[in-house]
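Input: a single structure, listed below in structure tokens.
Residue numbers (this note's numbering): 302 to 385.
This is the structure in structure tokens:
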């Protein structure tokens, strides 16, 4: 299964979130409240990403990967604005 982030294709593992995929591939998605040993609260909203096709913004720490998912991270002015 593959996911695209800012036009780059990454291999994804079933059951992982977009943030876990990004961390595994050394893709920089800001995050403050996420820790692999703690439950996910998605409180900080720093890890927002935008779905390239639907334009929906989601927290990457709660968004499960799915085959063919295309996301905008650094290429989304909307995400950058919302993170501030």
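C-beta: ideal position from N, C-alpha, C; glycine also.
Small disclaimer: the values here were computed from a predicted structure and weren't measured.
message: Going by DSSP, what residue range makes up the alpha helix (DSSP H) through residue 319?
response: Position 18 of the chain shown holds residue 319. Unbroken alpha helix (DSSP H) run through residue 319: 319 to 325.
Handout entry: Beta-carbon contacts of residue 361 that lie in its chain and below 6 Å, excluding the five residues immediately before and after
Key = Here residue 361 refers to the residue found at position 60 when the chain shown is read from its first residue. The beta carbon of residue 361 is closer than 6 Å to those of 319, 320, 330, 348 and 350 in its chain, skipping five residues each way along the sequence.
Looking at the secondary structure, which residues open and close the alpha helix (DSSP H) in which residue 380 lies? Here the question's residue 380 lines up with position 79 in the chain shown. Residues 378 to 384.
Short Cβ contact (9 Å threshold) for residue 343 with residue 334:
Along the chain shown, read from residue 1 onward, the residue named residue 343 stands at position 42. Along the chain shown, read from residue 1 onward, the residue named residue 334 stands at position 33. By the CB criterion at 9 Å, residue 343 and residue 334 fall inside the cutoff.
- Message: Rounded to whole angstroms, what is the Cα-Cα separation between residue 313 and residue 385?
- Response: Within the chain shown, the letter at position 12 stands for residue 313. Within the chain shown, the letter at position 84 stands for residue 385. Computed Cα separation, rounded: 28 Å.
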